[in-house]
Amino acid sequence: ARNVAVLLRDMAGLQYVYRVDEADAGRPGERAHRGVPEYVVRSERALLASPEVVDRLVAVGEIAPLDVALTGCIGAPVFVGGEAVGAIVVRSYAHGMAFTPEHLEILMIVARFVGEVIGALWATDSLGESEARFRSLAETAPCAIVIFDGDQLRYANSAARLLTGHPTGDGQERSFWDIVHPDYREM
138 ARNVAVLLRD MAGLQYVYRV DEADAGRPGE RAHRGVPEYV VRSERALLAS
188 PEVVDRLVAV GEIAPLDVAL TGCIGAPVFV GGEAVGAIVV RSYAHGMAFT
238 PEHLEILMIV ARFVGEVIGA LWATDSLGES EARFRSLAET APCAIVIFDG
288 DQLRYANSAA RLLTGHPTGD GQERSFWDIV HPDYREM
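When you line the sequence shown up against my numbering, it's residues 138 to 324, in that order.
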């Protein structure tokens with residue numbers, strides 16, 4: 138397709154992350170402003186639009202007037218966790234070009250895949266941030282914090298290492314009983 142826009146929601150709103158359009162010189166990173174892609178996100182519905190549908194959306198104020206008339210467009214929302222977080226829109230300015238329900242179905246499949254990838258990336262980022270917050274809290278805590286997986290010690294903060302005398306990062310897997318003083322193992 139020669140005219141494609143992909144936008145995603147961030148903390149400040151909707152932003153174009155990819156945009157190629159022969160009639161509009163907008164750039165990726167530009168904030169979205171009441172166009173067809175924003176409508177697709179707001180409505181949370183796929184769109185198969187003829188010029189008449191686009192004109193109707195402009196007339197009712199759903200989208201801003203267009204500088205160049207479209208001969209058609211299709212759009213599919215990108216969902217992550219049941220929430221519309223973006224959209225993919227393909228436009229046509231070529232006379233005689235009409236999008237079909239089959240075109241829209243393909244775009245919806247692509248949007249579903251993009252949503253799954255974005256969801257996985259966001260989950261990975263969130264997990265990394267959560268681990269960093271935990272590590273910062275645990276390392277500065279004045280009390281011993283240890284994490285065991287079964288009988289194996291997986292993590293000990295600096296207070297726990299100081300109390301047990303076991304150094305950090307020595308590469309040895311330790312069991313729970315390795316950090317308990319021998320006089321207390323029989324209890």
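Here a beta-carbon is modelled for each residue, glycine too, at the ideal position from N, C-alpha and C.
I want to know whether the segment 138-157 touches the segment 224-240 - three or more CB-CB distances under 8 angstroms. Contact between the segment 138-157 and the segment 224-240 is present, because at least three Cβ pairs lie under 8 angstroms.
Using three-state DSSP, classify residue 175 as helix, strand or coil. DSSP places residue 175 within a helical segment (H, G or I) once states are collapsed to three.
Looking at the unbroken beta strand (DSSP E) that takes in residue 228, where does it start and where does it end? Residues 220-229.
Looking at the structure shown, is residue 308 part of a helix, part of a strand, or coil, going by DSSP? Unreliable placement is indicated for residue 308, whose pLDDT of 49 sits below 50; no coordinate value is reported for it.
Three-state secondary structure assigned by DSSP to residue 255: The answer is helix: DSSP assigns residue 255 an H, G or I state.
Is it true that the CB of residue 205 sits closer than 8 angstroms to the CB of residue 160? Here residue 160 is near residue 205, since their CB atoms are less than 8 angstroms apart.
When the Cα atoms are used, what is the spatial distance from residue 308 to residue 315? Its pLDDT being 49, under 50, residue 308 is placed unreliably by the model, and nothing is read from it.
Where does the unbroken beta strand (DSSP E) through residue 142 begin, and where does it stop? Looking at the DSSP string, the run of the beta strand (DSSP E) that includes residue 142 is 141-147.
Residue 175 versus 217, 188, 221, residue with shortest Cα-Cα distance: Of the listed residues, the one whose Cα sits closest to residue 175 is 221.
What does DSSP give as the partner residue(s) for residue 321 in the beta ladder? None; residue 321 has no bridge partner.
For the 8 angstroms Cβ check, are there 3 or more pairs between the segment 248-258 and the segment 272-286? Taking 8 angstroms as the limit for Cβ pairs, the verdict is that the segment 272-286 does not touch the segment 248-258.
Going by the CB atoms, is the gap between residue 239 and residue 214 shorter than 8 angstroms? For residue 214 and residue 239, no; Cβs fall outside 8 angstroms.
8 angstroms Cβ shell around residue 274 - same chain, five flanking residues per side excluded: Answer for residue 274: no residue qualifies.
Helix, strand or coil for residue 279 per DSSP? Three-state DSSP puts residue 279 in coil, outside helix and strand.
Looking at C-alpha atoms only, which residue of 242, 172, 233 is the closest neighbour of residue 223? The residue among 242, 172, 233 with its C-alpha nearest the C-alpha of residue 223 is 172.
One question on the structure: do residue 187 and residue 209 come within less than 8 angstroms of each other, judged by their Cβ atoms? Yes, these two residues count as a Cβ contact at 8 angstroms.
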